[in-house]
Amino acid sequence: MSQGTPQRPQTQRQALPQHAVERIQRSRNAQGQRFFTSDLSVKEFLLIRESGFECAGLVMGSSFYHVGYQRSDWSQNQEMTVLTQAMYQARELAMARMEEEAHELGSDGVIGVRLHVNRHSWGEDLIEFVAVGTAVYARDGSNWRAPSGMPFTSDLSGQDFWMLLKSGYRPISLVMGNCVYHVAHQSLRGWFKSVSQNQEMPNFTQALYDARELAMERLQYEAQLDGATGVVGTQIHESSHGWDAHVIEFFAIGTSVSPIAMKEAPPAPVLVMTVNE
Amino acid sequence: MSAAAAVHPFTSDLTIDELLLLEDVGFEPLELVLGASYFHIGYQSASYAQNQEILDLSEMMLLARQTAMAQIQGQAEALGADGVVGMRLEIEREGHHAEFSAIGTAVRRRAGDGAKFRDQRGRAFTCDLSGADFWGLVRGGFRPVALVHGVCVYHVAHQTLGGWFNSAGKNCEMPTFTQAMYDARELALARVQRDAASAGADSGIVGVEVREGHYGWHSHVIEFLAVGTAVSAIVDEAHELHAPARTVLSARDD
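First to last, the sequence lines map onto chains D and L.
Start counting the first sequence at -15; every next residue gets the next number (our numbering).
Start counting the second sequence at 155; every next residue gets the next number (our numbering).
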């Protein structure tokens, strides 16, 4: 582990609230027949079935988190480790609960996972993290779980999932990395020097560069822990979450994948002209 | 139906694509159907320090939507329609009064064999699917049964002063809040599941969305609404399915 990489919080298996357990039990009727709920569109639903999977049910996890306070030095570029840890831990908790629901449903994995950050007017330092996705299982009973034994997770849509399997890869887990960074304010002298001139602001460049690299490095580290060969669909989000304008969170998220044995060659692209605008 | 229906022009809010896709699976549009209900959104006090569902409000919000839906179904019935596609539910609030409205396009099987698309009690199906989604679903071997709902209006407990002191300046989870939001969402989801089962759907629900709403209540009172289309498998040997999906990579950036 390189310097500056925070220890990945060890998320324990989460206990589910009573209503969640009841809902999951009710997703099978007396004959043991499954009845699913899903937030998949019709197209996604059909493609999931084509790739040999069936919907098990909508799964979610939530965590309400109180974010601690950290003083930042006005003129210093620095990571706000307290905030970084809070934002990371809260997302992990929401994800772990969602995985637990998927596990209880007896599914192989979760697709279309979305992570929301909600704020309520109840308190300034309170942030709610919600993870929602649709749990799926293989129709032929084969095991698609991640190496950890828990269901795989991914933020891929049904279309992307279908395409990924067709081209010989499988998702392993939703990986993420974040970094909350305080960007130093410019000194008055620096302001005088740069006013009316075209020039790079090395201070700002370095701060934003650093923060993005740290978030990406953590994401990569998570994927390596999972034994993945790579990460697809990585996105980097920037948000101040209502903090001071110079405090920014960089949040990287993507799906780690590994190759699978293929029965047939991946399909070759075909030229199609649509009549839609 | 009759010759009168044949000369009566249809009205719909469908796009050309949707219209053609509906025709392709043997349906024709009849008329735009509307339903509306007006309700006074009251207030029920909840204990300040308690996580609890506000049952009166949950029931009222459900009843208001069901009333609008029932009107749509009544109109579809009168038209001799087999179902309603592209249904949307909207709420417009003015102070403590709210209008719940529903709108959709009533459709009918051209061949007159629409009975197999109706529910066990012979009522028209309802769904929020677009024409394209409806086509995909029917060709994929499923039929929509009903637009189903689950509602839960929940009061989230306030934090105690002691709790506030304990958490001030620290990173920690707020278990009371977590529990409340979790509970409320799960209740809404469990109800949408139950609604689908009582509508007679045997496969599942697609396109479920859990929405949060405030309707002029106190900030600790939140409505969780889960909506989706319940579907059943089509049991018919002669039913025409679409060809297996093929990869199409769009060369266009979008």
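C-beta: ideal position from N, C-alpha, C; glycine also.
Spatial neighbours of residue i in its chain, beta-carbon cut-off 6 Å, leaving aside the 5 residues before and after
{"i": "D:Phe235", "result": "Asn162 and His221"}
{"i": "L:Thr221", "result": "Ser191"}
{"i": "D:Glu88", "result": "Ile8"}
{"i": "D:Thr21", "result": "Gly41 and Leu42"}
{"i": "L:Gly254", "result": "It is Phe, not Gly, that sits at residue 254 of chain L in the sequence shown. Same-chain partners within the cutoff: Ser191, Ala218, Arg219, Ala222 and Ile245."}
{"i": "D:Ala195", "result": "Cys163, Tyr165 and Phe234"}
{"i": "L:Gly189", "result": "Ala222, Gln225, Ile226 and Ala256"}
{"i": "D:Met(-15)", "result": "Model confidence at D:Met(-15) stands at a pLDDT of 35, short of 50, so the residue's coordinates are unreliable and nothing is read from them."}
Chain-order list of residues whose beta-carbon lies under 7 Å from that of residue i (same chain, five-residue window excluded)
{"i": "L:Arg263", "result": "Gly180, Phe181, Asp236 and Phe271"}
{"i": "D:Ala70", "result": "Tyr49, Val51 and Gly52"}
{"i": "L:Ile388", "result": "Gly295, Phe296 and Arg297"}
{"i": "L:Asp349", "result": "Val302, His303 and Gly304"}
{"i": "L:His374", "result": "His309, Val310 and His312"}
{"i": "D:Glu84", "result": "Arg(-3), Gln(-2) and Leu0"}
{"i": "D:Gly(-12)", "result": "Below a pLDDT of 50, predicted positions are generally treated as unreliable, and D:Gly(-12), at 47, falls in that range; the measurement from the model is reported next regardless. Result list for D:Gly(-12): Leu198, in chain order."}
{"i": "D:Thr213", "result": "Val241, Ser242 and Pro243"}
Under 8 Å by beta carbon: chain D residues contacting residue i
{"i": "L:His374", "result": "Trp106"}
{"i": "L:Met328", "result": "Phe48, Tyr49, His50 and Leu110"}
{"i": "L:Gly290", "result": "Val26, Lys27 and Leu30"}
Chain B contact residues for residue i, given Cβ-Cβ distances below 8 Å
{"i": "L:Val362", "result": "Looking for chain B here will not work: the only protein chains present are D and L."}
Paired residues, beta bridge with residue i - DSSP
{"i": "L:Cys306", "result": "L:Phe378"}
{"i": "L:Glu231", "result": "None; L:Glu231 has no bridge partner."}
{"i": "L:Glu327", "result": "D:Tyr49"}
{"i": "D:Arg154", "result": "D:Ser242"}
{"i": "D:Met160", "result": "D:Ile237"}
{"i": "L:Tyr192", "result": "L:Glu253"}
{"i": "D:Asn102", "result": "D:Glu112"}
{"i": "L:Pro98", "result": "Lying before the first or after the last residue shown, residue 98 of chain L is absent from chain L, which here runs from 155 to 408."}
{"i": "D:Met44", "result": "D:Val116"}
{"i": "L:Val261", "result": "L:Pro183 and L:Gly237"}
{"i": "D:Phe20", "result": "L:Gly358"}
{"i": "L:Phe279", "result": "L:Gly237"}
{"i": "L:Glu246", "result": "L:Glu253"}
Residue i: contacting residues in chain L (beta-carbon distance under 7 Å)
{"i": "D:Cys39", "result": "Gly358"}
{"i": "D:Pro1", "result": "Gln333, Tyr336, Asp337 and Glu340"}
{"i": "D:Glu6", "result": "Ala344"}
{"i": "D:Tyr53", "result": "Gly323"}
{"i": "D:Gln69", "result": "Asn325"}
7 Å Cβ cut-off: residues of chain D touching residue i
{"i": "L:Met335", "result": "Ser46, Phe48 and Glu112"}
{"i": "L:Gln274", "result": "Result: empty, since nearest Cβ-Cβ is about 16 Å, beyond 7 Å."}
{"i": "L:Gly294", "result": "Leu30"}
{"i": "L:Leu283", "result": "Val26"}
Beta-carbon proximity list for residue i, same chain, < 8 Å, skipping 5 on both sides
{"i": "L:Val364", "result": "Arg339, Ala342, Leu343, Phe378, Leu379 and Ala380"}
{"i": "D:Ser180", "result": "none"}
{"i": "L:Ala159", "result": "Reliability of the predicted coordinates at L:Ala159 is poor, the pLDDT of 48 falling under 50, and no value is obtained from them."}
{"i": "L:Phe279", "result": "Asp236, Gly237, Val238, Phe271, Arg272, Asp273, Arg297, Pro298, Val299 and Ala300"}
{"i": "L:Ala186", "result": "Reading off the sequence shown, one finds Leu at residue 186 of chain L, where the question assumed Ala. Answer for L:Leu186: Thr165, Ser166, Asp167, Ile257, Gly258, Thr259 and Ala260, listed in chain order."}
{"i": "D:Asn127", "result": "Asp92"}
{"i": "D:Arg103", "result": "Leu110, Ile111, Glu112, His225 and Gly226"}
Supposed close pair residue i, residue j - CB separation, criterion 8 Å
{"i": "D:Ala86", "j": "D:Val43", "result": "5 Å"}
{"i": "L:Val385", "j": "L:Gly358", "result": "6 Å"}
{"i": "D:Ile111", "j": "D:His225", "result": "7 Å"}
{"i": "D:Asp124", "j": "D:Gly36", "result": "6 Å"}
{"i": "L:Tyr336", "j": "D:Ala4", "result": "7 Å"}
{"i": "L:Gly240", "j": "L:Asp167", "result": "7 Å"}
{"i": "D:Arg18", "j": "D:Ala(-1)", "result": "About 24 Å; that fails the 8 Å criterion."}
{"i": "D:Val241", "j": "D:Tyr153", "result": "4 Å"}
{"i": "D:Leu158", "j": "D:Leu148", "result": "Not confirmed; about 14 Å, so no contact."}
{"i": "D:Val164", "j": "D:Leu67", "result": "4 Å"}
{"i": "D:Gly107", "j": "D:Phe29", "result": "About 39 Å; that fails the 8 Å criterion."}
{"i": "L:Leu128", "j": "L:Arg293", "result": "Residue coverage of chain L in this structure runs from 155 to 408, which leaves residue 128 of chain L outside it and unanswerable."}
{"i": "D:Val114", "j": "D:Ser46", "result": "5 Å"}
{"i": "D:Ser138", "j": "D:Thr218", "result": "So it is not a contact: roughly 12 Å between Cβ atoms."}
Contact list for residue i against chain D, beta-carbon separation under 9 Å
{"i": "L:Thr411", "result": "In the structure as shown, chain L begins at 155 and stops at 408. Residue 411 of chain L is therefore absent and cannot be evaluated."}
Contacts that residue i makes with chain L (C-beta to C-beta distance below 8 Å)
{"i": "D:Ser11", "result": "Gln347"}
Residue i: contacting residues in chain L (beta-carbon distance under 9 Å)
{"i": "D:Tyr153", "result": "In chain order: nothing, as chain L lies at least about 14 Å away."}
{"i": "D:Gln73", "result": "Asn325 and Glu327"}
Residue i beta carbon near the ligand ZN (any heavy atom closer than 7 Å)
{"i": "D:Gln183", "result": "The ligand ZN is not part of this structure, which contains no ligands at all."}
**OP:** Report yes or no: do the segment 204 to 215 of chain L and the segment 304 to 316 of chain L share at least 3 C-beta pairs separated by less than 8 Å?
**Re:** yes
Original post:
Can you find at least 3 beta carbon pairs, one from the segment 276 to 288 of chain L and one from the segment 327 to 343 of chain L, that sit closer than 8 Å?
Top reply: no
Original post:
Do the segment 221 to 233 of chain L and the segment 250 to 268 of chain L touch if we need at least three Cβ pairs shorter than 8 Å?
Top reply: yes
Original post:
Are three or more beta carbon pairs between the segment 71 to 81 of chain D and the segment 179 to 193 of chain D nearer than 8 Å?
Top reply: no
Original post:
Are three or more beta carbon pairs between the segment 93 to 101 of chain D and the segment 186 to 203 of chain D nearer than 8 Å?
Top reply: no
**OP:** Mind the definition here: the segment 78 to 92 of chain D touches the segment 59 to 66 of chain D only if three or more C-beta pairs lie below 8 Å; say whether that holds.
**Re:** no
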